[in-house]
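Chains as they are written, first to last, in the working numbering: chain A, 1 to 248; chain B, 249 to 478.
Glycine included, every Cβ here is placed at the ideal spot set by N, Cα and C.
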């Protein structure tokens, strides 16, 4: 498991964890993010039951997890959030931000409503230790209720499954090294899992309104610097929902 | 014996218990069509008695007992369906809780090995303890539900005896009912077959229930040893 600090200034920081070498072959590799502000923590897409102990143990080395006050779930998938009951058992006061339309589904994991703060379709703001993070709608990319997070201070944009790549098992890079080479690992994922070109264009327009230095997906490598714009252009020209020939 | 070995045994035992609960559930569902057939048979018996007029008077008395038998079997099966549904749910919960138990053990081991960790392994004590308590509570509820199921199934053996007796009585009536004896004998023969099937099912279920209770007992021993080992 690799852990790296993406940003740190004063009491504000971002950390990423990924490339879990211990994971079972059939389990998709996932990235997990921890934002810290003034000693308070927010976990983004903390992952599934499968890797709860690895994620918790790794982040424990870098942060007092008792100070994690909230979890953000970009959508409802098990690789995103099925570890939730274990986090809440450890800290019953934990707040969970999630797309409003998934509340009655995620509660099937055994989570109580009192822990949940539903985020409406239009997005909103999450405040962490006095610092505001923007929640940007990303519906149908891929889930019908899907959210991204933008941090104006660090200029990091957490994109969930957008920008995800199914990397080879021996890949250890946390960042995209060669964008053109990298597209081969992203194309099928986006064409197969994402259904709406309209939703894609709306999301791209939202991202372009913001000053983004890093685009951080839940799977695969992180885009930084000029690769962010490259990714948006590549994504703009991709025909989503078009992987039918491989399905039939 | 090491804690790890007990942990592995407990995991195996929970899987066994869950599989046995599912098998028992399947077997108990086989009783439902038997109860329906018993009701159908009692309706046929009433019709046969009515067609026989005064020659069917004695058989009519038996049809009331056949109807009562059908009702008792249905009632017994209805109650067992509710209890077995609860048992399967509890067994499934136990398997899930045990997975969470193992996850917390693994996590605490990982944090414990890391001297520079900023989070103490004790932070996860609460979650770990909650899982242990839920395991205990589920074990207790499952044992209790198995006891209830055993009590619910025990009258079936008596109902089988009662059915066999009614079949013999029906045959006797058939022998003395002249031309109507043919339809009485058909009822008697069908009743014998149904109670025979009920008897076989009941024996199979008692055997499954015994295996399940044994597995629960073993599991509880393992749990005691595991907690002692830690």
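Note that the C-beta distance between residue 52 of chain A and residue 86 of chain A is below 8 Å. Using a Cβ-Cβ cut-off of 8 Å, residue 205 of chain A is close to nothing in chain B; its nearest Cβ partner there is about 40 Å away. The shortest C-alpha to C-alpha distance from residue 471 of chain B to any of B/445, B/409 and B/385 is the one to B/385. Around the beta carbon of residue 73 of chain A, 16 or more other beta carbons lie within 10 angstroms, which makes this residue buried. The alpha-carbon of residue 99 of chain A is positioned some 11 Å away from that of residue 124 of chain A.
Closest option to residue 182 of chain A, judged by alpha-carbon separation, among A/192, A/223 and A/43: A/223.
Distance from residue 2 of chain A to residue 174 of chain A at the Cβ level is roughly 6 Å; contact confirmed, criterion being Cβ atoms closer than 8 Å.
Residue 177 of chain A: not part of any beta strand (DSSP E); DSSP gives it neither H nor E. Taking a C-beta distance under 8 Å as the contact criterion, residue 17 of chain A and residue 31 of chain A qualify as a contact pair. Taking all protein chains shown into account, residue 10 of chain A has fewer than 16 neighbouring C-beta atoms within 10 Å of its C-beta and is therefore exposed. Listed along the chain, the chain A residues whose CB falls inside 7 Å of the CB of residue 375 of chain B are 86, 89 and 90. Under the DSSP assignment, residue 37 of chain A falls in the beta strand (DSSP E) whose first and last residues are 32 to 37.
Chain order gives the chain B residues near residue 49 of chain A as 347, 348 and 351, where near means a beta carbon separation below 9 Å. The straight-line gap separating the alpha-carbon atoms of residue 455 of chain B and residue 343 of chain B is approximately 23 Å. In terms of beta-carbon proximity, residue 56 of chain A lines the interface with chain B, with at least one pair separated by less than 8 Å.
Inclusion of residue 153 of chain A and residue 62 of chain A in the CB contact set at 8 Å is not warranted, their separation being larger than that value. Between residue 145 of chain A and residue 101 of chain A, the gap from beta carbon to beta carbon is short of 8 Å. The C-beta of residue 358 of chain B comes closer than 8 Å to at least one C-beta of chain A.
Per DSSP, the continuous alpha helix (DSSP H) segment holding residue 409 of chain B begins and ends at 373 to 423. For residue 75 of chain A, the closest Cβ of chain B is not nearer than 8 Å. Of the candidates A/170, A/204 and A/5, A/204 places its Cα closest to the Cα of residue 233 of chain A.
Restricting attention to alpha helix (DSSP H) runs no shorter than 4 residues, the segment 76 to 106 of chain A encloses them at 78 to 81, 84 to 90 and 103 to 106, ordered along the chain.
In the same chain as residue 270 of chain B, and ignoring 5 residues on each side of it, the C-beta atoms closer than 7 Å to its own belong to 336, in chain order. Only buried fits residue 436 of chain B, as 16 or more other CB atoms lie within 10 angstroms of its CB. At a cut-off of 8 Å between beta carbons, residue 354 of chain B contacts chain A.
The three-state secondary structure of residue 159 of chain A, taken from DSSP, is strand. Residue 346 of chain B is not a Cβ neighbour of residue 394 of chain B, given a cutoff of 8 Å.
Selection A/64, A/106, A/228 and A/126 evaluated against residue 149 of chain A yields A/126 as nearest (Cα-Cα).
Per DSSP, residue 269 of chain B has no beta-bridge partner at all.
With respect to the C-alpha of residue 109 of chain A, the residue from A/90, A/131 and A/84 having the closest C-alpha is A/84.
For residue 199 of chain A, the number of other beta carbons within 10 angstroms of its own is at least 16, and it is reported as buried. Look at the beta carbons and you see the segment 359 to 368 of chain B not touching the segment 430 to 448 of chain B: under three pairs across the two are nearer than 8 Å.
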